[in-house]
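In our numbering, the protein residues as written are 1 to 444.
Ideal placement from N, C-alpha and C gives every residue a C-beta, glycine not left out.
Keep in mind the model is a prediction, meaning the values are calculated, not measured.
Quick notes on the structure that follows.
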Amino acid sequence: MGFKVVKFGGSSLADANQFRKVANIIKSDEKRKFVVPSAPGKRFSDDIKVTDMLYKCADLAGSGVDFSEPFNIIKERYNGIISELGVNISLDEDFDAIANELKARPSKDFAASRGEFLNGKVLAAYLGYEFVDAADVIIFDTNGVLLLDETVKAVRERVMNLPNAVIPGFYGRTTEGFVKTFSRGGSDVTGSIIANAVRAEIYENWTDVSGFLVTDPRIVENPDVIEVITYRELRELAYMGASVLHEDAIFPVRSAGIPINIRNTNRPEDAGTMIVSDDHDFKGESVAHTITGIAGRKGFSTINIEKAMMNSETGFGMKVLKALYENGLSFEHMPSGIDTMSITLDSAKLEPVRDKVLAQIRKEVNPDHLEIEDGIALLAVVGRRMKNTRGTVARIFAAMAHARINVKMIDQGSSELNVIIGVSEHDLNEAIRRIYDMFINSEK
Ligand code: ADP
Ligand code: ASP
Ligand code: MG
Numbered sequence: 001m002g003f004k005v006v007k008f009g010g011s012s013l014a015d016a017n018q019f020r021k022v023a024n025i026i027k028s029d030e031k032r033k034f035v036v037p038s039a040p041g042k043r044f045s046d047d048i049k050v051t052d053m054l055y056k057c058a059d060l061a062g063s064g065v066d067f068s069e070p071f072n073i074i075k076e077r078y079n080g081i082i083s084e085l086g087v088n089i090s091l092d093e094d095f096d097a098i099a100n101e102l103k104a105r106p107s108k109d110f111a112a113s114r115g116e117f118l119n120g121k122v123l124a125a126y127l128g129y130e131f132v133d134a135a136d137v138i139i140f141d142t143n144g145v146l147l148l149d150e151t152v153k154a155v156r157e158r159v160m161n162l163p164n165a166v167i168p169g170f171y172g173r174t175t176e177g178f179v180k181t182f183s184r185g186g187s188d189v190t191g192s193i194i195a196n197a198v199r200a201e202i203y204e205n206w207t208d209v210s211g212f213l214v215t216d217p218r219i220v221e222n223p224d225v226i227e228v229i230t231y232r233e234l235r236e237l238a239y240m241g242a243s244v245l246h247e248d249a250i251f252p253v254r255s256a257g258i259p260i261n262i263r264n265t266n267r268p269e270d271a272g273t274m275i276v277s278d279d280h281d282f283k284g285e286s287v288a289h290t291i292t293g294i295a296g297r298k299g300f301s302t303i304n305i306e307k308a309m310m311n312s313e314t315g316f317g318m319k320v321l322k323a324l325y326e327n328g329l330s331f332e333h334m335p336s337g338i339d340t341m342s343i344t345l346d347s348a349k350l351e352p353v354r355d356k357v358l359a360q361i362r363k364e365v366n367p368d369h370l371e372i373e374d375g376i377a378l379l380a381v382v383g384r385r386m387k388n389t390r391g392t393v394a395r396i397f398a399a400m401a402h403a404r405i406n407v408k409m410i411d412q413g414s415s416e417l418n419v420i421i422g423v424s425e426h427d428l429n430e431a432i433r434r435i436y437d438m439f440i441n442s443e444k
C-alpha cells in the first residue's frame, strides 16, 4: 500500500475545533500516515500567530527584557487546546525548558521552532501517533543550507518502520546541533522533504482555501480554483507573490515525481489543486482557460538609459551590467529598444547603492539620459496553454487600454509560459482584476 504525507498549516490547527477537523481528515484515509503540523495560526483576522509571538519572546529575551507576557499567551493557547480536546498530555516541563533556554541563549530560530514542536506534541498525543522531533531528522549544514541526502537518510531510518508519525514542520538542526528554521511558511518545505524521503504517492498540503486560486483572493473576490497546475507554472506564480506554498517546497517532490494536492481543511469534500510535473499527467482532461494564473508583486524600480546609436555601440549592455554586477545587483528584466534600455530590479536591493550605480553607468557609457523610476509593480500572467494560443498579449494590452492603465514594460519568456508586464504600483490590483475578467470571466 502506498501512503500519503499530509501537512496542515497554521489556520488548520489554530484551535481545538480545527484539531478535530484535522483528526477526522487523517482518520478518514488510512494512507495518511505521516503528518506535518505548523504552529497554531490565526483564529480570526487580527489574531496573532504563535510563531509571531515566539519571535517577540526571542526579541525581548535578546534585550534582556522579561518576556513572560507574550509567553503566557502562548501557554494559554496550547493549554486551551489540550483541555478542550481532553488530551492526556502536559507541556509544563517543555514550557519551563523553553523559557530557561531563551534566558540563557535567546536564539530566534530556537524560539520560533517551538511553535511547531509543541503543536506536534499535542497533535501526536491527540491522534495516538508517535512524535518524531524534526531536529532528529531534518539536517542543515553550518551555514543553514539543507543537507538533503543526510536528511532523507535520517528520515527513512527514523520513520519508515513506524505505523504512523507526527513530524513538526519548519525546523531541523545544524550539524553542530543548533536548532535552525526554514524561512517563514517553511512547514511546506518540511512536508515536501518528508514526502520525498518516504516516497509518498502524494503530498497533501491542507490549508484554508480550496486550492491554488487563479489569483489572490484579497484582490479578486472569490476567484476560480486551478484544478491542475504544473510545477513550472507554480514556480512562476510563487515567485511573483502567490504565497500559498513556500517556493522551496517544490524541488523535493518534483525531483521524486510526487504530485502535491492543495486541500481545504474546512471543506475536505473539495478536490483542491493538483500540482504535477508535466502535461502528459493530465492529458484528456478538459482545459478551461487560456491562462492558469495571475500574480503580482510591488517594490521594483527601473533604470532607464537612453543614448543615440546605442545599438551599434559594442559592449554597451555589458558595461551597464558590469555596473550592476560590481554593486552586487541582479536584475529581473531588461527590455531594450534601438536607443533605449530599461532594467527592472528590486527597489530594496537597489536603494543602498543607488548613487554609486548611477555614477558608474554614467562613467562607463556616457548616456544622453539616465533616470531611475520607482514604484513599479510586476505582474505575471502564467499559462502552459499560451504557447498554442494566439493573441494573448494583444488581449492583455486591450484589457489594460480599457482600464487606462499604462504598461511600462512587457516581457514574454522564451518558453512562452508567462508574460510579465510592469505597471505602476497603484495600478497593480486593477490590472489583475482586468486580466482576470478578460481571461477567466469572459471565457466562461
Ligand atoms: P497555511 O497557514 O495553511 O500554510 P498560508 O497562509 O501560507 O496557509 O497560505 C494560504 C493563503 O494564501 C490563503 O488563505 C490566501 O489568502 C493566500 N493566497 C494568496 N494567493 C493565493 C492564490 N493564488 N491562491 C490561493 N491562496 C492564495
Ligand atoms: N509557523 C511558521 C510560520 O508562521 C511556519 C509555517 O507556518 O509554515 O512561518
Ligand atoms: Mg503557509
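- Counting of Cβ neighbours within 10 angstroms places Val152 among the buried residues, the total reaching 16 or more.
- In this structure, DSSP gives Ile291 a state outside helix and strand, which the three-state scheme calls coil.
- Between Leu321 and the set Met240, Leu345, His246 and Thr207, the nearest pair of CA atoms involves Leu345.
- Annotated three-state conformation of Gly328 is coil, per DSSP.
- Between Tyr171 and the set Ala242, Asp136 and Leu245, the nearest pair of CA atoms involves Asp136.
- Here Glu233 is buried, its C-beta having at least 16 other C-beta atoms within 10 Å.
- In the three-state reduction of the DSSP assignment, Thr392 falls in the helix class, which pools H, G and I.
- With fewer than 16 other CB atoms across the displayed protein chains lying within 10 angstroms of its CB, His426 is exposed.
- Residue environment: Glu116 is assigned as buried (16 or more neighbouring CB atoms within 10 Å of its CB, all protein chains considered).
- The beta-carbon distance between Thr292 and Gly383, rounded to whole angstroms, is 4 Å. This is short enough to meet the 8 Å contact definition.
- For Met53, the enclosing alpha helix (DSSP H) begins and ends at Val50 to Gly62.
- Excluding residues up to 5 positions away in sequence, Leu13, Pro37, Ser38, Ala39, Pro40, Val50, Tyr78 and Pro168 lie with their Cβ nearer than 8 Å to the Cβ of Asn119 in the same chain.
- Ile376 is positioned such that its CB atom lies no closer than 8 Å to that of Ile343.
- Counting along the chain, Leu85 sits inside no beta strand (DSSP E); it lies in the alpha helix (DSSP H) bounded by residues Ser68 to Leu85.
- Counted as a single uninterrupted DSSP element, the alpha helix (DSSP H) harbouring Ser187 occupies residues Ser187 to Ala197.
- In this structure, the beta-carbon distance from Asp270 to Ser210 falls below 8 Å.
- Pairing Thr389 with Ala359, the inter-Cα distance amounts to about 44 Å.
- Beta-bridge pairing by DSSP links Asp411 to Ile420.
- With fewer than 16 neighbouring CB atoms inside 10 Å of its own CB, Gly391 falls in the exposed class.
- DSSP places His246 in the coil class of the three-state scheme, outside both helix and strand.
- Per DSSP, the unbroken beta strand (DSSP E) holding Glu373 starts and ends at His369 to Val382.
- In this structure Ile139 does not touch Ala200 by the C-beta definition: roughly 20 Å separates them, more than the 8 Å allowed.
- Nearest neighbour of Phe19 by Cα position, chosen from Val5, Leu60, Gly62 and Ser83, turns out to be Ser83.
- Within the model, the alpha-carbon separation for Lys387 versus Val393 is close to 11 Å.
- When secondary structure is reduced to three states using DSSP, Lys7 falls in the strand class.
- Shown here for Pro252: same chain residues with a beta carbon closer than 8 Å to its own, the five before and five after excluded, namely Leu148, Val189, Ser192, Ile193, Ala195 and Asn196 in chain order.
- Shortest gap from the CB of Asp188 to any heavy atom of ligand 3: under 7 Å.
- Less than 8 Å separates the beta-carbon of Leu213 from that of Pro223.
- Shortest Cα-Cα distance from Gly337 to any of Ser90, Lys307, Met160 and Ala256 involves Lys307.
- Within the segment 305-360, complete beta strand (DSSP E) segments of at least 3 residues are found at 340-346, given in chain order.
- At least 8 Å separates the beta-carbon of Val166 from that of Tyr203.
- Taking Lys42 as the centre and dropping the five residues before and after it, the same chain places the C-beta of Gly10, Ser11, Ala14, Ile48 and Lys49 closer than 8 Å to its C-beta, in chain order.
- Nearest in C-alpha terms to Met310, of all of Asn205, Asn366 and Arg267, is Asn366.
- Remark: C-beta atoms of Ala295 and Thr215 approach each other more closely than 8 Å.
- In the DSSP assignment, Arg434 falls within the unbroken alpha helix (DSSP H) covering Leu428 to Phe439.
- Burial is judged here by how many other beta carbons sit within 10 angstroms of a residue's own beta carbon; Asp109 has at least 16 and is buried.
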